[in-house]
Every structure is written in C-alpha cells, then in structure tokens.
Amino acid sequence: MKILGIDSTLGFCSAAVLDQNNSSKCFNLEFEGHSEMLIPIIQKVMEEADLPFHELNLIAVTVGPGSFTGLRAGLSAAKGLGLALDIPVHGVTTLEAVAFGARSKSLNKGSRNIAVALDTKRDEIYFQNFNAESIAKDKAIAGSVKDIIELLPLGPLSLCGDAAERLFANVPVSRVKNINCLNNIGTPNAKYVAKIAVDRMENPLSASPLYINPAATKQPKDKNITRPWK
295 MKILGIDSTL GFCSAAVLDQ NNSSKCFNLE FEGHSEMLIP IIQKVMEEAD
345 LPFHELNLIA VTVGPGSFTG LRAGLSAAKG LGLALDIPVH GVTTLEAVAF
395 GARSKSLNKG SRNIAVALDT KRDEIYFQNF NAESIAKDKA IAGSVKDIIE
445 LLPLGPLSLC GDAAERLFAN VPVSRVKNIN CLNNIGTPNA KYVAKIAVDR
495 MENPLSASPL YINPAATKQP KDKNITRPWK
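Quick note, in the working numbering, the sequence shown goes up one by one and the last residue is 524.
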C-alpha cells in the first residue's frame, strides 16, 4: 500500500509518501511557510519517491486544530486528489499527529503519558492527553493555561506541541520534576499522519474539519483559527 500524508495546519507544510510494500520506506518534505507551497511540496515528494499519482492507494490529511487557511488548503488538496484518483481520504487530528511524533522519535521513553498543547493564537490552548502509545485518553479541548494545567495527569509525563513551553512555564514547581518538555516536537509531520491512517484502516476518521465552535470561524476576528472537537 502506498499512502500520501499531508499537513498544513500549523505554519508548516509537510507531505510524505509511505510505501508499505518497500519496508515502509518514507519520503518526506517539510517547508516552513505559506500553504501555497503545499501543492509544489506534494509534487516534489512524489517525484522523490519515484511514484506516479495513480499508484497511490490512500491519502491521509490533518483535520485540525490549526489555522483556518492552512486547514482549508490541506483538506482541499487531499480531497481534490482523492476525487481525481478515486481513492479514499482519511483524517488525522493535529494533536494525535504531534503525539505520534513524540512516541516515534523515541523521546517519550518508558511508560510516560503524552500531553499535547497547541497554540490557538488567542488566549486558549488546544489540549489532549495520550498514553505512552499515543492513543487518546480523552477528548481534545480548548481552555486557558490555568484550566489546562488542572488536566495534566500525575506521574511521568512528556509534554509536546507548540504551546508546550508556555504551559510548562506555568506548571507548579512541585510538579515540574515529573514533566519532560519536548521543545523540538511542536508541529505534526506528514509521515506520522500517513502512519496513523494506516494503523486505523478499519476505523478511519472522516476527512472533515472538526470544530469546538463552528460559529467562531464565521466571525472576522476568529477567521484564522479552527476549533475542533465539539
């Protein structure tokens, strides 16, 4: 099976081709910048993998949370390709992709739980708890730093995401020693998006944006952010 993974939710554009028929060989490209670069990146990674588009079997794309513009670009590209190639498009949340990255890079050693904190570009943080295998333990929420700290599990914890440092700076001193803040795992990577989609082929997530408050995207002051998970 050959899978194209796509992410453009948090200021980076990332595309990856995962070829399970070739020892899970993965070609990955990441670019910091505007979502207009997404299509050229997809084309480039397909060239590097020496894979024609018609040989793809599945497309996986992040469905949020993230910037409205970036999320729309990723979903549009994925759905357009899926329609043209007549192949399925599966969704992966930004939070679970970051958690998978923490696990996959072997930075989450031992039996530590994983907590992902992402910047909403407002006063809130998107947050979700995962176990050491990057399986979600609860639903994603958006809340203040104070509220989120109350949700951090006790015991050894790996904290990641682009709001991890901000959250960690406000953690009570008594709890700091149990938390490993993974500063270098802040955004999702398309290769992990592809791997997650493969792992749950039998129970895929819809490739649709998930909103906490859909009405927020209709207001000009909030137009740059999506709020997944009702």
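The beta carbon of each residue, even a glycine, is placed where N, CA and C say it ideally should be.
Would a C-beta distance cut-off of 8 Å place Val410 and Ala501 closer than the cut-off? no
In DSSP terms, what Leu451 is bridged to: Paired residues: Asn407 and Ile473.
Closest by C-alpha distance to Ala458, when choosing among Asn478, Gly374, Ser468 and Glu444: Put simply, of Asn478, Gly374, Ser468 and Glu444 the residue whose alpha carbon is nearest the alpha carbon of Ala458 is Asn478.
Can you give the beta carbon distance from Ser302 to Ser329, rounded, assuming they're within the 8 Å contact cut? 5 Å
When you compare only the Cα positions, how much space is there between Asp344 and Ala310? 12 Å
Determine the direct distance from the alpha carbon of Leu379 to that of Ala463, and round the result to whole angstroms. 47 Å
With a CB to CB cut of under 7 Å and the five nearest residues on each side skipped, what residues in its chain are close to Gly376? Ile353, Pro382 and Val383
With a CB to CB cut of under 7 Å and the five nearest residues on each side skipped, what residues in its chain are close to Glu326? Gly305 and Phe306
If you reduce the DSSP assignment to three classes, tell me which class Asn423 lands in. strand
So Gly299 and Val487 are in contact, right, with Cβ under 8 Å, and what is the actual spacing, rounded? The Cβ separation is near 4 Å, so the contact holds.
Going by DSSP, what residue range makes up the beta strand (DSSP E) through Ala528? It is not possible to answer for residue 528, since the shown part of the chain is limited to 295 through 524.
Asn322 (DSSP reduced to helix, strand or coil): strand
From Ile333, Leu323 and Ile408, pick the residue whose C-alpha is nearest to that of Asn472; which is it? Ile408
For Cys475 and Leu453, believed in contact at Cβ under 8 Å, the rounded distance: 5 Å
Look up Ala354 in the DSSP assignment and give the residues it is bridged to. Gly299 and His384
For Val467 and Leu350, what's the separation of their Cα atoms in angstroms? It is roughly 50 Å from the alpha-carbon of Val467 to the alpha-carbon of Leu350.
My understanding is that Asn315 touches Lys485, with C-beta atoms under 8 Å, so please give their C-beta distance in whole angstroms. Asn315 to Lys485, Cβ: 16 Å. No contact.
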